[in-house]
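Asker: Last residue of the sequence shown: number 1654 in this note's numbering, and the count goes up by one each step with no gaps.
A virtual CB, placed ideally from N, CA and C, is assigned to each residue, including glycine.
Being a predicted model, the structure only gives us computed values, none of them experimental.
The structure is given below, and queries will be raised subsequently.
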Amino acid sequence: MQKALLTTLLVVLAPVFCGARQTESGVRQAPTPPIDTAALVALHERIFAASDETVFNVDLWFDVPARLGDIRDFADARGIFRATAVVEYGPDHYQYGQARISVGTLFDQPGSWDRELCRPRMIAPRIPGSTLTSIAPEDWLVYEIHVLGPAAAIRSLIGGDVLPPALILEGREENPQYIDRFFEAIRRQHARKIQVTDDEVVPIECLTHTNRILSPVLTGTPSIQAAVYGDSHDPRFADSFRQHLDQRPPELPVTLQVVFGEPALVEDLAQLVERHEIDGLYAEMSPEDGIGQIINDTPFSIHGGSMSLQIERAHCAQQLGEAAKYGGRWIADNIRITVPAGKAYAIVSDDRLVDARLLNDYKAGMLDLVVAYHQELSNSRLELHPSLGIPPGCEWYMHYPD
């Protein structure tokens, strides 16, 4: 009886699941693998013949969309270990992309629900036309779901006892020992905070679940269309630059991109930082006889401790691994600086710089992230893989794992 029912469903629904899905709002495209009818019939029979506690790992499609909140309640009530719901950011997943939110007993930990929602809550507002921003997460609609749970719960999903009927696309019986390992992996994952960049807007519900990645300068998509790459000593450019800066409070952090008139060495960067008390400087340095073949990230800061040690640290990095093959001078490119707006004009007016660009400004207080990065760097040592040799005189900065 079950076999006949599933075969009938596959025949009727195959055009839907292999092509376009018809909804009340029109045709909806669904990314699905080709259906192996014989394999699905066999899997269906195993699920219905298995004991209630036998664990299966299956992918399903709902005939009509289910609410995310209802899926969460069902998973908790029926002892599903993990139900990962696929939520589309907009009406066309090819254009808008998808989010995955997991619920179930393995995620029954304090804050797990809010943590699972953090990534889509941060991404959805950046997608023009996303339908998730105006809807409560409990009401997000789900067509596709990946379930790790007992056979009894999966039979209920197939039959549509509580949620809309679902069709299995693929799956297998799971080894119970996998559950313990999977739970431990989730526990470790949820113990770590979500890493976000300094230009990401974090909803208030996610503040306790996120950690901003510290960086030598504040970065982000350039948002200021200033007079760019002009001669910083040209009066017209200088006036334009000053006007842009005067529109901002002097304490507001800004990031600049600058160019030296002559090739800039490590010592030149350090002198610029000391002269203008720069909070964060980042440069990509390459060997003069191998520009573009290898790049060394080089940070400097007035908050980074002894400037002579910062110079030594940069020289040590230039002797490490592949970099040691190149002799001669290393010169700087893509030099970026983060300072309060009140310091920026004096920097771009420095007689050794020729070009400057105002890239971005940031919220007050975000400069603390740059300061924290350089303070942490000044108190840390670089851990090397045992296959790499420590350059002579760099033992103070580099070490091997204990």
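If Phe1308 sits next to Gly1423, beta carbons under 8 Å apart, how far is it from one beta carbon to the other, in whole angstroms?
Answerer: Indeed they touch by this definition, with Cβ atoms about 6 Å apart.
Asker: Using three-state DSSP, classify Arg1498 as helix, strand or coil.
Answerer: Here residue 1498 is Asp; the residue named in the question, Arg, does not match the sequence. Three-state result, Asp1498: helix.
Asker: Please confirm whether Tyr1649 and Leu1634 have their CB atoms less than 8 Å apart.
Answerer: Contact: yes.
Asker: For the putative contact between Ile1583 and Ile1599, defined by C-beta atoms under 8 Å, what is the C-beta separation to the nearest angstrom?
Answerer: Not a contact, Cβ separation roughly 20 Å.
Asker: I'd like the list of long-range same chain contacts for His1567, defined as Cβ closer than 7 Å, with 5 residues on each side in sequence excluded.
Answerer: Answer for His1567: Val1518, listed in chain order.
Asker: Please list, in chain order, all residues of the same chain as Gly1356 whose beta carbon is under 6 Å from its beta carbon, the five residues on each side excluded.
Answerer: Excluding residues within five positions, the ones whose Cβ falls inside 6 Å are Ala1327, Ile1332, Phe1333, Arg1334 and Ala1335.
Asker: How is the beta strand (DSSP E) around Val1591 delimited, first residue to last?
Answerer: From DSSP, the beta strand (DSSP E) with Val1591 extends over Trp1582 to Pro1592.
Asker: Would the beta-carbon of Val1525 fall within 8 Å of that of Ile1554?
Answerer: Yes.
Asker: Determine the direct distance from the alpha carbon of Ile1323 to that of Gly1401, and round the result to whole angstroms.
Answerer: Cα-Cα distance, rounded: 13 Å.
Asker: Buried or exposed for Leu1508, please, with buried defined as at least 16 other CB atoms from any protein chain shown within 10 angstroms of its CB.
Answerer: Buried is the call here.
Asker: If the criterion is Cβ atoms closer than 8 Å, does the pair Gly1363 and Thr1460 meet it?
Answerer: Yes, these two residues count as a Cβ contact at 8 Å.
Asker: Pull up the DSSP beta-bridge partners for Tyr1534, would you.
Answerer: According to DSSP, Tyr1534 bridges with Pro1551 and Arg1588.
Asker: To the nearest angstrom, how far is it from the Cα of Val1268 to the Cα of Gly1381?
Answerer: Because Val1268 carries a pLDDT of 37, less than 50, the predicted location of this residue cannot be relied on, and the following value inherits that uncertainty. Going by the C-alpha atoms only, they are around 26 Å apart.
Asker: So, under 8 Å CB-CB, Glu1540 and Asp1585 are touching, yes? Tell me the CB distance rounded to an integer number of Å.
Answerer: About 11 Å; that fails the 8 Å criterion.
Asker: Using 8 Å as the threshold, is the segment 1462 to 1471 in touch with the segment 1569 to 1580, meaning 3 or more CB pairs across them?
Answerer: Judged by Cβ distances under 8 Å, the segment 1462 to 1471 makes no contact with the segment 1569 to 1580, as fewer than three pairs qualify.
Asker: Apart from the five residues on each side of it in sequence, which residues of its chain come closer than 8 Å, Cβ to Cβ, to Arg1407?
Answerer: Answer for Arg1407: Ile1299 and Phe1300, listed in chain order.
Asker: Taking the DSSP output, what are the residues bridged to Glu1340?
Answerer: DSSP output for Glu1340 lists Gln1350 as bridge partner(s).
Asker: Within 10 Å of its beta-carbon, does Lys1595 have 16 or more other beta-carbons around it, so buried, or fewer, so exposed?
Answerer: With 16 or more other Cβ atoms within 10 Å, it is buried.
Asker: Check the DSSP bridge columns for Met1650 and list the partner residues they point to.
Answerer: Looking at the DSSP assignment, Met1650 forms a beta bridge with Leu1634.
Asker: So what's Tyr1290 in DSSP terms, helix, strand or just coil?
Answerer: The residue you asked about is not Tyr; residue 1290 is Ala in the sequence shown. Helix, per DSSP.
Asker: Closer than 8 Å is the cut-off here; do at least three beta carbon pairs connect the segment 1367 to 1382 with the segment 1439 to 1456?
Answerer: A contact exists between the segment 1367 to 1382 and the segment 1439 to 1456.
Asker: Is DSSP giving Ala1256 helix, strand or coil here?
Answerer: For Ala1256, the predicted structure reports a pLDDT of 43, less than 50, and the residue's modelled location is therefore unreliable. A value from the coordinates is still provided. Three-state result, Ala1256: helix.
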